[in-house]
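Peer 1:
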Amino acid sequence: MPAARRVAVVGAGPAGLSAAQAALAAGARVTVIDAAEEPGGQYHRTVPAAYAPRRPGHLQHGWRAFEHRRRRVLAHPRCTWLPQTSVWALERPRPGQEGPPRLHLLCSGPADGAGRPRRTLDVDALVLAVGAHDRVLPFPGWELPGVCTAGAAQALAKGERVAVGQRVVVAGSGPFLLPVAASLLDAGSQVREVLEANTAATTARGWGRRPWELAAQAGKAAELAAHAAALARHRVPYRTGRAVVEARGDGRVEEVVTARLRADWSVLEGTRRTVAVDAVCVSHGFSPQLELPLAAGCALGERAEPGSDTAGTRASGPSGSRGAPDAFVRVDERQRTSVPGVFAAGEITGIAGAAAARAEGAVAGWSAATGGSAPRDPGTRRALRALRRSRDQGRAFAGRLARAHPIGAAWPGWLRPQTVVCRCEETDYGSLCAAFATEAGAAPRVAKLNTRAGLGPCQGRICGPTVAELRRRLAGDAPDRPAEGLPAADPHRRPLAQPIRLGELAAPSAPLTGPGHRPEEESSS
Amino acid sequence: MNGTRAVVLGAGIIGAACARELALAGLAVTVVDRGGPAAATTSHGEGNVLVSDKGPGPELALAQLSRELWPTVLAQVAERSAEGRRAVQAAEWDPKGGIVIATTGAGAHSLARFADSQRSAGVRAEPLAPEALREAEPYVTREHTAAVHYGEDAQVQPAGAATALLTDALAAGATLRGGEEVCSAVVRGGRLTGVRTTRGLLEADLFVNAAGPWSGALAARLGAPVGVEPRRGDVLVTTPQPPTVFHKVYDADYVGAVGSSEEESQTSAVVESTRAGSVLIGSSRRRVGFDDRLRPEVLSAVAAKALRLFPSLARVPVMRAYGGFRPYVADHLPVIGADPRLPGLWHASGHEGAGIGLSVGTGRLLLHLVLGQPPPVDAAAFRVDRPAVLRPRPYQQEEAP
Amino acid sequence: MSSRLVPTERDATGRGGRPLRITVDGVPADGIAGQTLAGLLLASGRSSWRQAPSGAPRGVFCGIGVCFDCLVTVNGEPDVRACRRRAVDGDEVTTGSRAVPRPTDGPESGTGEGQ
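The listed protein sequences derive, respectively, from chains A, B and C.
Numbering-wise, the UniProt record's numbering puts 432 at position 432 of the first sequence, and it's gapless, one number per residue.
Numbering-wise, the UniProt record's numbering puts 350 at position 350 of the second sequence, and it's gapless, one number per residue.
Numbering-wise, the UniProt record's numbering puts 81 at position 81 of the third sequence, and it's gapless, one number per residue.
1. Strictly under 8 Å for the Cβ-Cβ distance: is Arg86/C near chain A by that measure?
2. Touch check for the segment 115 to 126 of chain A and the segment 141 to 151 of chain A: three-plus C-beta pairs under 8 Å?
3. Which residue marks the beginning of the alpha helix (DSSP H) containing Trp63/A, and which one marks its end?
4. Going by alpha carbons, who is nearest to Glu77/C out of Thr95/C, Gly65/C, Cys67/C?
5. Shorter than 8 Å from the beta carbon of Glu77/C to some beta carbon of chain B?
6. Any beta-carbon of chain C closer than 8 Å to the one on Gly160/B?
7. Sort Gly285/A, Glu254/A, Asp278/A, Arg242/A by Cα distance to Glu269/A and report the nearest one.
8. Below 8 Å between beta carbons: does that hold for Arg252/A and Leu300/A?
9. Can you tell me which of Glu131/B, Ser52/B, Thr167/B, Arg80/B puts its alpha carbon nearest to the alpha carbon of Arg113/B?
10. CA-CA distance, Leu222/B and Gly233/B?
11. Just curious, the alpha helix (DSSP H) that Leu69/B is in, first and last residue?
12. Which first and last residues belong to the alpha helix (DSSP H) in which Val389/B is found?
13. Shortest alpha-carbon distance to Arg78/A belongs to which of Phe343/A, Gln190/A, Ala3/A?
14. Please check if any C-beta of chain C sits within less than 8 Å of the C-beta of Arg118/A.
15. Please state the DSSP three-state secondary structure of Thr380/A.
16. Should Ile22/C be flagged as near chain A, meaning a C-beta pair shorter than 8 Å?
17. What is the residue span of the alpha helix (DSSP H) that Ala225/A lies within?
18. Mind checking who Ser184/B pairs with in its DSSP beta bridge?
19. Does the beta-carbon distance from Ser367/A to Arg395/A come in below 8 Å?
20. CA-CA distance, Pro444/A and Ala39/B?
21. When we look at the beta-carbon of Ala6/B and count the other beta-carbons within 10 Å, is it buried (16 or more) or exposed?
22. Anyone know if the C-beta pair for Val32/B and Ala19/B falls short of 8 Å?
23. With burial defined as no fewer than 16 other Cβ atoms inside 10 Å of the residue's Cβ, what is the status of Asp89/C: buried or exposed?
24. For a contact defined as C-beta to C-beta under 7 Å, what are the partners of Glu83/B on chain A?
25. By the DSSP assignment, the alpha helix (DSSP H) with Glu360/A in it spans what residues?
26. Can you tell which of Leu387/A, Glu484/A, Ala369/A has its C-alpha closest to the C-alpha of Val123/A?
27. Just grab the DSSP bridge partners of Phe290/B for me.
28. Counting only beta-carbon atoms, is Ser43/B nearer than 8 Å to chain A?
29. Alpha carbon to alpha carbon, how far is Trp63/A from Leu37/C?
30. Report yes if the CB atom of Trp93/B is closer than 8 Å to the CB atom of Ala154/B, and no otherwise.
31. Looking at the C-beta of Gly45/C, does it have a partner C-beta in chain A at a distance below 8 Å?
32. Beta carbons nearer than 7 Å to chain B: which residues of the segment 457 to 469 of chain A have them?
33. With Gly324/B and Gly151/B assumed to form a contact (beta carbons below 8 Å), what rounded beta-carbon distance in angstroms separates them?
34. Using only the alpha-carbon positions, how far apart do Asn75/C and Gly282/B sit?
35. Checking contacts by CB at 8 Å: is Ser3/C closer than that to chain A?
36. Any beta carbon from chain A within less than 8 Å of Gly277/B's own beta carbon?
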């Protein structure tokens, strides 16, 4: 019997937890790493234990199954659970050597603490399941307090029982707007309206025929129906083809301007309305968190269509991808990335929701634990086939989701020259247009340094895809081929995946002794 | 020189500075780069404009010429066009001065001697008593043994500076061809008369190799190899902070590391603030070819050295790390001049970590050499036919521990 | 005051809530154990606690540690994401601005307050 393979799973949301469970079942020693105190990710975000909730599963879908999986994984003797741990860097093996990168961790400390011990972890296989966050397109006034992402409203309502406002507009695109509105209603907010920017025709065309059947397959139907019912009960209007195109207020948002949109998201003049609000929650889709996949060297590509064998049908090249906003980690049938020993699951391979993420996670965990060899016993083979079917249904759902809720090309029409695009450095649209119009200063890194867009504390996590898209439109022909040895500019490239304090960086690091061994408790103060 | 056609190979800051001088002198200049302008080494450095790290000699003379030129050049660029003005603003020229700090007895002794020798070459190098140092840099370590203030040291945001120079070159009539790679030379009668590129044939009277760390490989393609190799460096960037570091502050080891030829990783602390409040922390020197892997232990060593200078930065978060490749020549001198083996080919490369600062002086010097005029500084030391350039010793890549 | 904590009596999660107190720029603020600093600040009626370089106010935007808009100094540790850090009884939170340099309190004592 060969020694158990060592598997690290980064991210303990639906995909990661499922990967850990599958890898444990296949005999691996597994280390599960997450920045949060508890598993669950954004999807299963719940109130903290300190709230002593009598019904922690309130507002949760699939809570019982999640609870069961969580307990199974965390209590498993071959599992090491590293909560409140950041992967701040991945170190690729030397040129000519293959295998997963070495993980560099900041262990066991409160978020952004000081003096967290630095650890390294070497494994045989790495599963990346780090998820996604809201993508929000800029509009005038989006930097006002009270304007937040739909994900923020959701995290605060579900995770802390805080309602971000009394009178709220939820706007953007995609089915995620519904659960957010439902959570706000549950938290006692008045949701004035929910605005889907895509027209009814776009959405209907995208979902195609019998969308509910597809949603049912992906485990979405009941969930969405419950949210829709909540909206109906509270008489919240759900409008398609309308968006928040401006937020106004003195020191915080006081009203939003909404407008009817054409299919390409250009504003139909004469349709502007102002709505008094004290909060507006916006999401135009999701941005996969690609810094760790890029640091590992994983190739990106467009989302695979179900049934295609090697995913990423239109790859954008090895680790030097153009970083289109719709770029995801390329994976094959077994969730293998382009880097040997590195697997990916969940939203970083395509936005498809929790059910698909769980299925992908299970396949990834199995592949990571077994090195990808085909299982011998028929039971496991059947189980894997079922998982792949479920994953493919999820991907089909994702494909329709993307077609039903695309980002309309005309959104920059909402912007004014002084509209902030980079929130951190307050770089405005006019400066970016000017930079991308020049011959000498349009290269991505150069424009970044000269306009400062993406140089602030968030390191382009929020504005990066937007700035990259504006560059493609305004300076599409400008070359950005990297020189030998230098990585291509990519809005998601952040070699330091999380901030690390100088004192922590300067301190020596020690290896974690490996999965199955808990790191010694260390004070983090 | 009207009508003379010059092709500058490389649109980094050295290429931009050369193109600007040649274009302003009336040559018909084309700048070719296989990527985008300033996208490689230029936008991966710190933006040093230093005299403090150079001992008396030809490189110091070039640094002094450059330091003198910088403010004038930027003012001219800002005057010539609105685009130039924006680029000059982005260049964040800051004549903040440098402070070199020794932390050992031996270090203090050699720093004092070094400063003496620099003063004899006209450098403003003023020893700082502990109280004066504290006033200049309130957060610097008290565990120091000597400090010298260099009033001439300055800083630029390097991509902005390169954009400014290139914008001015274009305003003076130069043309830019990005995304075009040079494949081979066209030699007629022993003279370089053209280059074949990925887009066809480009003919000219002179060609300037300004491809930075890739200029060794480019020169080899043209049939005249030169000993310019990559030497990697890494920089840490902190989140924006309240003012903590007021000069370019570095430890006296830095001078030794710059002058070393070790293949092993060398680190020394160079600490400075940018206009936005971030603290930039360098630097490491590793000869690892074009290996761009992040090496956390190198970053850790850089951080530890920086904290020796500024202990109070321990709680400040690093939000970004980036690395780049310096064009390294074994004798640590740039290569500026005509290639005696292949008439028509010129080189402007090999500035290692000093290329941002030395760019404007290099452009000026090259122009004089091209025109056959007496150079503003002695160019003999930078000539191409010297052993370090024509017969570079073979080197081995650093082995990872 | 528009953002707020769902009152215990009508919270369907049936939560409890052990009270705790922190200070924000020296002013006491009350919350409950388990809240993040951002949740506590929002629930106490604040919508912003940081200033961008232009001086414009900022508070919570992404809520999950991505946008770095909600940074605060906690017990002398600068740049803590308020949306990710749980409040601890007695935490001293200092708000900051990138517009005006934050005051520093002496060379060897860090960029925040106290060591």
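The beta carbon of each residue, even a glycine, is placed where N, CA and C say it ideally should be.
Peer 2: According to the structure shown:
1. yes
2. no
3. 63 to 75
4. Thr95/C
5. yes
6. no
7. Arg242/A
8. no
9. Ser52/B
10. 28 Å
11. 58 to 80
12. 387 to 390
13. Ala3/A
14. no
15. helix
16. no
17. 221 to 233
18. Arg196/B
19. no
20. 8 Å
21. buried
22. no
23. exposed
24. Thr438
25. 353 to 370
26. Ala369/A
27. Val288/B
28. yes
29. 26 Å
30. yes
31. no
32. Pro457, Gln459
33. That pair is no contact at about 28 Å.
34. 29 Å
35. yes
36. no
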